[in-house]
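Residue numbers (the UniProt record's numbering): 1 to 252. For each residue, glycine too, the CB sits at the ideal point set by N, CA and C.
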Ligand SMILES: [Zn+2]
Ligand SMILES: [Zn+2]
Ligand SMILES: [Zn+2]
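Listed below in structure tokens is the structure:
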């Protein structure tokens, strides 16, 4: 299985509009973070997690020409507002794209983007999507996708596990029951917003504490703001924890 990091940034992205800080002006491309998203691939199966506002550039950079399904973590704008660019895959694959989410996220998407869930447009002039609210694991091609409930402040949202990898973005706490779903991981991808505390995201210290408790063989941090410099972060992290960056590929 291959995981590709399409975006590893927070809602504002890095560089942030109007900011002259050292990270925003950094020449290190690993400090340039588009909105958080990953692609999960195994043999011919390809799953996209979230459709943030940077989707078009992410798909061009990764040269993606086919998608089997989209799984949504939650309905915040930085995870859904690129939904219109899924139209390209209707056009390429000549079919409706299957989307999956928890019931609340499914409802929010169907309300906000009603035109995407109408009967398919013959010329694919609009995105044509189907939405399935899920509470249990789904099989897409050769990949089994298991929802992992987490809390993004007070909002219950989904992380997802695929075989030996788990993707947990946008969270503050992990309910006790969910730890059972996170055992024996080769790769954990984990929220790590910034150094300072935040009401709905884990900061660096909290993220490291969760990483240690979950104990994956490798942890990669995502959803980072301009507060976190790639090189500086590498120099303080333990050997099996590292910041992810846009374009990183990981095989498990
Ligand atoms: Zn977010
Ligand atoms: Zn900045
Ligand atoms: Zn969020």
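- DSSP places residue 16 in the coil class of the three-state scheme, outside both helix and strand.
- Per DSSP, the beta bridge partners of residue 138 are 145.
- Taking every residue with its beta carbon within less than 7 Å of a heavy atom belonging to ligand 1 gives, in chain order, 10, 11, 36, 76, 78, 79, 169, 170, 223.
- For residue 74, the distance from the CB to the nearest heavy atom of ligand 3 is below 7 Å.
- Residue state for residue 249 is assigned as strand, using DSSP reduced to three classes.
- Taking the C-beta atoms as reference points, residue 68 is found no nearer than 8 Å to residue 51.
- At least one heavy atom of ligand 3 sits closer than 7 Å to the Cβ of residue 152.
- Ranked by Cα distance from residue 75, the options 159, 210, 13, 204 are led by 159.
- In the structure shown, the three-state DSSP call for residue 10 is coil.
- The shortest CA-to-CA distance from residue 214 to any of 180, 8, 53, 249 is the one to 180.
- When rounded, the separation of the alpha-carbon atoms in residue 93 and residue 66 is 6 Å.
- Residues of the same chain with a CB within less than 8 Å of the CB of residue 36, apart from the 5 flanking positions on each side, are 7, 8, 9, 10, 50, 52, 78, 79, 169, 170, 222, 223 in chain order.
- Inter-residue distance for residue 64 and residue 249 is about 14 Å (C-alpha atoms, whole angstroms).
- Closer than 7 Å to some heavy atom of ligand 2: that describes the Cβ of residue 15.
- Boundaries of the alpha helix (DSSP H) around residue 234: 230 to 236.
- Counting along the chain, residue 29 sits inside no beta strand (DSSP E), nor does DSSP assign it H or E at all.
- Secondary structure of residue 174 (DSSP, three-state): coil.
- Of the residues 16, 32, 20, 123, the one whose Cα lies closest to the Cα of residue 231 is 32.
- Comparing C-alpha distances from residue 30 to each of 239, 115, 234 shows the shortest one belongs to 234.
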